[in-house]
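Each position in the sequence shown, counted from 1, maps to that position plus 519 in the working numbering. So the structure is just underneath, and the comments pick up after that.
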Amino acid sequence: QVQLVESGGGLVQPGGSLRLSCVASGSIFSINSMGWYRQAPGRERDLVALVTSEGTTNTADSVRGRFTISRDKAKNTVYLQMDSLKSEDSAVYYCYAQLRSFAEYWGQGTQVTVSA
């Protein structure tokens with residue numbers, strides 16, 4: 520079992536920045552990858568970015584060059600630095616973890632709203 524707790528969402532103006540954090544607890548030594556998905560109203564949940572335990576990252580085309588994922592293994596935390604935010608980035612952002620057993624876990628979600 521893994522528990523994920525997100526923080527850092529909020530309201531920001533277009534062009535602004537936010538940093539999301541996700542702290543993992545529980546069976547953290549079984550985690551293979553962690554990352555972020557997002558879901559806007561009426562749309563499917565889409566991948567934003569992932570990072571593996573080896574440090575390999577995968578970032579969606581829609582945010583590449585603006586969003587940066589990083590992981591602090593000592594703090595069991597994954598971060599998503601979001602710069603040059605656009606209105607279309609508004610969504611609920613979910614932290615995600617996949618174990619080596621392929622079991623998947625989700626955080627409760629944090630709202631990001633980009634609006635003037």
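All residues carry an ideal CB built from backbone N, CA and C; glycine is no exception.
request  = Give the straight-line distance between the Cα atoms of residue 550 and residue 574, rounded to the nearest whole angstrom.
outcome  = 12 Å
ask   = Since residue 538 contacts residue 527 with CB under 8 Å, what's their CB separation in whole angstroms?
value = 5 Å
query = Which residues in the same chain have their Cβ closer than 7 Å to the Cβ of residue 520, if we skip the five residues on either side of it in sequence?
reply = 545, 546
message = Along the chain, where does the beta strand (DSSP E) containing residue 525 start, and where does it finish?
response = 521-526
request  = Report the residue from 602, 548, 533 whose alpha carbon sits nearest the alpha carbon of residue 619.
outcome  = 548
request  = Please confirm whether residue 531 and residue 626 have their CB atoms less than 8 Å apart.
outcome  = no
key: Straight-line Cα distance separating residue 594 from residue 636   = With the chain covering only 520 through 635, there is no way to say anything about residue 636.
message = With the cut-off set at 8 Å, would you say residue 609 and residue 632 are in Cβ contact?
response = yes
inquiry  = Just to confirm the assignment, what range does the beta strand (DSSP E) spanning residue 567 have?
reply    = 565-571
inquiry  = Can you find the residues in the same chain that come closer than 6 Å, C-beta to C-beta, to residue 628, ignoring five residues on each side of it along the sequence?
reply    = 611, 613
ask   = In terms of residues, what are the limits of the beta strand (DSSP E) holding residue 607?
value = Note, residue 607: premise wrong, no beta strand (DSSP E); not H, not E.
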